[in-house]
Amino acid sequence: MPQRAATIVGGGIGGLAAAVALHRRGWRVEVLERAPEFTEIGAGISLWPNALHALEALGLADPVLALGAAEAAGGVRDRRGRWLSRTDNAELTRRFGHPLVVLHRADLLRALTEALPADSLLPGSEVSAVHDDGRSVVVEHRGGESRADLVIGADGLRSVVRRALWPTAAGPRYAGYTAWRMVTEPLAAPPAEGAATWGRGERFGYTALPGGRMYCFATASLPAGTASGSSEYAELLRRFGAWPDPVPALLAAVPADAVLRHDLYDLPPLPSFARGRVALLGDAAHAMTPNLGQGACQALEDAVTLAHCLDGTPDVTAALHSYDLLRRPRTRAVARRSARLGTIGQLSWPPAVLLRDTAARLTPTRATLRSMAPVLGWTPPAAEVTR
């Protein structure tokens, strides 16, 4: 069989993972990235056991694990700092084969780019059109025109590929709350456990990164597009500066100019993730809220599954149909679960908050872990990508 070619639109985690998976199967790949370089800025990422199984299939689990930090335990606290639920990372490993690992997004992106030929990475290649001319799929971009046997749209929430091939699909919808993300400077005595603290219409979470740094995130229920009165850092201090320890100390260790803020959106379900020889992957297919920490994890699953389906047949269209049947029901279920958790976490009416916190406190840890099995218990298809 002649070498097959794939063009991946989008150089984020999902697009690069798909490129690695196909490259190691002998495909000629190119990754078109709109930005002038392949990089991620300013935030951490949680890799749950299912994501690490996907990275294992890509042959990258060990180098990625070396870049991250696995906490001993974590959980959820109430606004007064009392524990509502706790999770033991050793138990996660026992049940699902890997711990929860947190690292900087830029480090994960670098591990993925280093697994690809340098000439396959094309930054500054903003895509303007995608169409199938019968012989190949054509992608028009700033650098010219690319022709391929397969095009993968991994270009995020506001995907150009999705708009081109799914023009009538509903656009992103606002989740009802905004989010801040930040990384502290190294701390002399970082917290031993991570936690998400639930308030009334607000949340603040933190988890460890290597080198004594902490990745922090916060949410607040606000109308979309709401601007802070001053700086985002000042807004965080106003909202969370008097929250239980260690939140004030963590905020004090955050550089004032290093706070990222984004309104949160998800994507209404699509009728299919595939059309002809074009497939959608990651946020372009199923953008979800970050409440389960599964956005990038599901994109990694997508990449491994897509490569596996393409292994099974020379017919790209048939392979993408199989990919759609495998991925769409699962990602839809994970997205729904994440949205529900966000709704619960953002409750603000005092009686509802009391009921939520009481229910969380009374739920046994083993029941919580058991409920996570449908998400975290995923393992790759039988044929390994590194074969």
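First residue of the sequence shown: 110, per this note's numbering; consecutive thereafter. Just so it is clear, CB atoms sit at the ideal spot from N, CA and C, and this is done for glycine as well. Bear in mind the structure is a predicted one, so any value in this text is a computation, not a measurement.
Of the other Cβ atoms in all chains shown, fewer than 16 fall within 10 Å of the Cβ of residue 150; this residue is therefore exposed.
Counting only runs of at least 4 residues, the stretch 148-192 fully encloses the following alpha helix (DSSP H) elements, listed from N- to C-terminal order: 158-166, 170-176. Counting along the chain, residue 449 sits inside the alpha helix (DSSP H) bounded by residues 425-454. Residue 230 and residue 261 have their alpha carbons spaced roughly 14 Å apart.
A direct Cα-Cα distance of roughly 45 Å separates residue 246 from residue 340. With 16 or more other CB atoms across the displayed protein chains lying within 10 angstroms of its CB, residue 162 is buried. Under the 8 Å Cβ criterion, the stretch 187-207 does not count as touching the stretch 115-128, having fewer than three qualifying pairs. Looking from the CA of residue 152, the closest CA among 318, 412, 234, 195 belongs to 318. By the criterion of a C-beta distance shorter than 6 Å, residue 392 is surrounded in its chain by 265, 266, once the five residues flanking it on both sides are discounted. As computed with DSSP, residue 406 is found in no beta bridge at all.
Looking at the DSSP output, residue 289 shares a beta bridge with 327, 370.
Distance between residue 211 and residue 183, taken at the CA atoms: about 12 Å. Per DSSP, the unbroken alpha helix (DSSP H) holding residue 341 starts and ends at 341-349.
Pairwise C-beta distances place the stretch 303-311 out of contact with the stretch 374-383, as fewer than three of them are shorter than 8 Å. If you draw a straight line from the Cα of residue 478 to the Cα of residue 237, it is about 45 Å long.
Going by DSSP, residue 232 is part of the beta strand (DSSP E) stretching over 230-232. For the 9 Å CB-CB criterion, residue 388 and residue 424 do not form a contact. A Cβ-Cβ contact shorter than 9 Å links residue 315 with residue 356. Inter-residue distance for residue 281 and residue 244 is about 32 Å (C-alpha atoms, whole angstroms). Comparing C-alpha distances from residue 368 to each of 408, 294, 441, 409 shows the shortest one belongs to 294. Rounded to whole angstroms, the Cβ separation of residue 409 and residue 123 is 7 Å, and the two are in contact under 8 Å.
Your pair residue 130 and residue 225 does not check out as a contact, with CB atoms roughly 11 Å apart and the cut at 8 Å. Residue 477 sits in a helix when the DSSP states are folded into three classes. The beta-carbon separation of residue 232 and residue 126, rounded to 17 Å, does not stay under the 8 Å limit for a contact. Residue environment: residue 186 is assigned as buried (16 or more neighbouring CB atoms within 10 Å of its CB, all protein chains considered). Contact between residue 198 and residue 180 holds, with the beta-carbon distance rounding to 6 Å and staying under 8 Å.
Within the stretch 196-222, the complete alpha helix (DSSP H) runs of at least 4 residues fall at 198-205, 214-222. Under the three-state reduction of DSSP output, residue 359 falls in the helix class.
Rounded to the nearest whole angstrom, the C-alpha separation of residue 192 and residue 406 is 27 Å. The C-beta distance from residue 414 to residue 436 rounds to 6 Å, short enough to meet the 8 Å contact threshold.
A distance of 9 Å or more separates the beta carbons of residue 401 and residue 283. Under the three-state reduction of DSSP output, residue 258 falls in the coil class, being neither helix nor strand. Residue pairing by DSSP puts residue 250 in a beta bridge opposite 236, 253. When the five nearest sequence neighbours on each side are left out, the beta carbons in the same chain lying within less than 8 Å of the beta carbon of residue 258 are those of 113, 114, 115, 245, 246, 386, 425, in order along the chain. Residue pairing by DSSP places residue 375 opposite 282 in a beta bridge.
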